[in-house]
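Protein chains in written order, with the UniProt record's numbering: chain A, 1 to 322; chain B, 1 to 322.
Note that beta-carbon positions come from the ideal geometry of N, C-alpha and C, so glycine has one too.
For clarity, every value in this text was computed on a predicted model and none was experimentally measured.
Encoded as structure tokens, the structure appears first; notes follow it.
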DNA sequence: TTGTAAGCGTTATCAG
DNA sequence: CTGATAACGCTTACAA
């Protein structure tokens, strides 16, 4: 009756209801999970340190989107972040033990094979971002990073920039690789390997990368930066160098975080629909868990590329910085 | 044997070990929890929307501190954030069901009585920040917000400011009230009720509050802002007004987030030991759960004020902005 | 050192 | 529509 059975005598129902809040009874989750083999909760795992997770609006938006969708389905969302290998194996044991019905995995770096471990353990997983290793057969939701890189390159060229550099993301993440690849494509023959630096998507790493770039080549007049946070860092370095943005150096970022529009100068950037990515991930997972969900295909824009992934469109937002 | 029994015949042990990874067996968490009545996991609940939780470095530091301590004790940390009343009651049912061994509660606003509900349900709870309602008998770890407000006020006066305003935190949070109260004490007869505005600890709310302040009283020459994020927002408004910081308007913030030292001008602020706060909260909770923990009293600085709380010292960090 | 049995609080099944 | 009974997978205590 507590679980909402409708075929109960009103009198009995009254008695039970009374008792329930006299004793303030709450069904025991463990016992229930033992029987039903479900916990009605899913875990969002960010393979990243807490500083990055909390520092980058990207994560907040994924959480917001996923959380909306999960709440609607009556599923609790909990977060775990994890960096060291030690934590990863302890976490995967924890999750494999049936603590959670499914996992949303984001910011996966190549190397630690968390996704595979979870899948082996029979836990439904959805990844945010294309897995670098094509052998990983896990559904994922990605953004069209290659197209984004291309758009940025084309924009900078059209603007008349001659020496165009890039601050790419980490080489062990698909977002890092793909944005760089798109940039390479977009620039064509003008692409120069020596004008590539990598950062970790953080503001500090953006500053460091920009510094290295200008030490090596002071006459750079355009940079595609693979995240807005890094772009903000790069801009502060450029200013300290006494150059103006965008007159001396034009900048295109990636993500379209809120700060991008508020910054001065406001940041030209590639917009990706992060919150929607979180929503789609949640739906994909819920579907695996046997919940009723609106078809993910009905969403505007997402197409499917290789087989089991969904890729969202991105577009360029033109603002003051380029 | 799987749980580490030492009194097992080596031969048998070998056989079991073999079988375990042949079948890749993982003990079932639900069944275990059913017996032991423990899940070896605790939940950090932030009574706040995802935008604030992820936007404010405060949360990251609490998580970092707590996570260190819990990992050491072999306890998993998971996060939940919750804003609406609906989510709160669903969350408290979820937690009361035995999904977690204990709860770390932060950013509690007055009103929704999450802490009480959890305590009634018999779940160990530790609160970050003094509960506004003194009837709530829950251990907590707070910072000496009153002293912080006083320090800020005294600093601004000593600096020669004549018309000193404040952007306080939310009136339904103890940190908001206490910092304001300290400021009032520190300013003494110079305190002016009409130079008080409230914000929500976010950058945007800091901008809004500063705007209101200067509309009402353009000759303000000093502001104590109850969070660094709000202070950053206030500074940007002040600049747009064509005034200089600190020459025309001196600013003291609160929190000492990393951005405070990097901003230009760097921010004079009240430093609180947030990461340590997270650590202490975790220890207090672990102790309630019957784990062996270093005495919390052995920590540098923390004293105990009313009875069940720990209050950390704060101090003023002098930088360019005041 | 090993084996056995009881019980944790649910849900599911199946007679009444 | 109601009540009894058998799992679910583990831990614990006790007997062998």
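- Near chain A, meaning a CB-to-CB distance below 9 Å, the residues of the region 67 to 90 of chain B are 67, 71, 74, 76, 77, 78, 79, 80, 81, 86, 87, 90.
- The beta carbon of residue 26 (chain A) falls within 7 Å of a beta carbon belonging to chain B, placing the residue at that interface.
- Chain B places a beta carbon closer than 7 Å to that of residue 99 (chain A), counting this residue as a contact.
- Using a 10 angstroms sphere on the CB of residue 25 (chain A), the tally of other CB atoms stays under 16, which defines it as exposed.
- Residue environment: residue 18 (chain A) is assigned as exposed (fewer than 16 neighbouring CB atoms within 10 Å of its CB, all protein chains considered).
- Sequence-distant Cβ neighbours of residue 162 (chain A) in its own chain, meaning closer than 7 Å and more than five residues away, are 221.
- Within the region 131 to 196 of chain B, complete alpha helix (DSSP H) segments of at least 4 residues are found at 145 to 158, 174 to 187, given in chain order.
- Spanning the alpha carbons of residue 245 (chain A) and residue 150 (chain A) requires a straight line of approximately 21 Å.
- Judged by DSSP secondary structure, residue 85 (chain B) falls within the alpha helix (DSSP H) whose first and last residues are 85 to 94.
- A Cβ-Cβ separation of about 12 Å leaves residue 268 (chain A) out of contact with residue 255 (chain A) under the 8 Å criterion.
- As DSSP reads the structure, residue 128 (chain A) sits in a beta bridge with A:106, A:141.
- Chain A has no Cβ within less than 7 Å of the Cβ of residue 58 (chain B).
- Annotation: the continuous alpha helix (DSSP H) that includes residue 50 (chain B) extends over 50 to 55.
- Around the beta-carbon of residue 57 (chain A), 16 or more other beta-carbon atoms lie within 10 Å, marking it buried.
- Between residue 101 (chain A) and residue 42 (chain A), the CB-CB gap stays under 7 Å.
- In the same chain as residue 286 (chain A), and ignoring 5 residues on each side of it, the C-beta atoms closer than 6 Å to its own belong to 73, 293, in chain order.
- Cβ contact annotation for residue 145 (chain A) (same chain, cutoff 7 Å, sequence separation greater than five): 175, 178, 179, 182, in chain order.
- Against chain A, a Cβ distance below 9 Å from residue 120 (chain B) picks out 24.
- Along the length of the region 205 to 263 of chain A, whole beta strand (DSSP E) runs at least 3 residues long occupy 222 to 225, 250 to 255, reported in chain order.
- When Cβ pairs closer than 8 Å are counted between the two stretches, the region 235 to 244 of chain B is seen not to touch the region 19 to 38 of chain B, the count staying below three.
- Not flagged as an interface residue toward chain B: residue 254 (chain A), since no C-beta distance is shorter than 7 Å.
- Around the C-beta of residue 40 (chain B), 16 or more other C-beta atoms lie within 10 Å, and the residue is accordingly described as buried.
- Not one beta carbon of chain A lies nearer than 7 Å to the beta carbon of residue 44 (chain B).
- With at least 16 other beta carbons inside 10 angstroms of its own, residue 226 (chain B) counts as buried.
- Under the Cβ criterion of 7 Å, residue 50 (chain B) is counted among the residues facing chain A.
- Closest by C-alpha distance to residue 90 (chain A), out of A:319, A:5, A:114, A:71, is A:114.
- Contact check for residue 224 (chain B) against residue 152 (chain B) passes: the beta carbons are separated by less than 7 Å.
- Note on the region 12 to 53 of chain B: whole beta strand (DSSP E) runs with a minimum of 3 residues are 41 to 46, in chain order.
- Contacts with chain A (Cβ-Cβ distance below 8 Å) from the region 146 to 165 of chain B involve no residue at all.
- With contacts defined as CB atoms closer than 7 Å, residue 46 (chain B) and residue 81 (chain B) qualify as a contacting pair.
- The beta carbon of residue 232 (chain A) does not come within 7 Å of any beta carbon belonging to chain B, so the residue lies off that interface.
- Chain A has no Cβ within less than 7 Å of the Cβ of residue 140 (chain B).
- For residue 278 (chain A), the uninterrupted alpha helix (DSSP H) run begins and ends at 274 to 288, by DSSP.
- Residue 119 (chain B): member of the alpha helix (DSSP H) spanning 114 to 120, first to last residue.
- Residue B:184 holds the alpha-carbon nearest to the alpha-carbon of residue 192 (chain B) among B:34, B:184, B:158.
- At a cut-off of 7 Å between beta carbons, residue 96 (chain B) contacts chain A.
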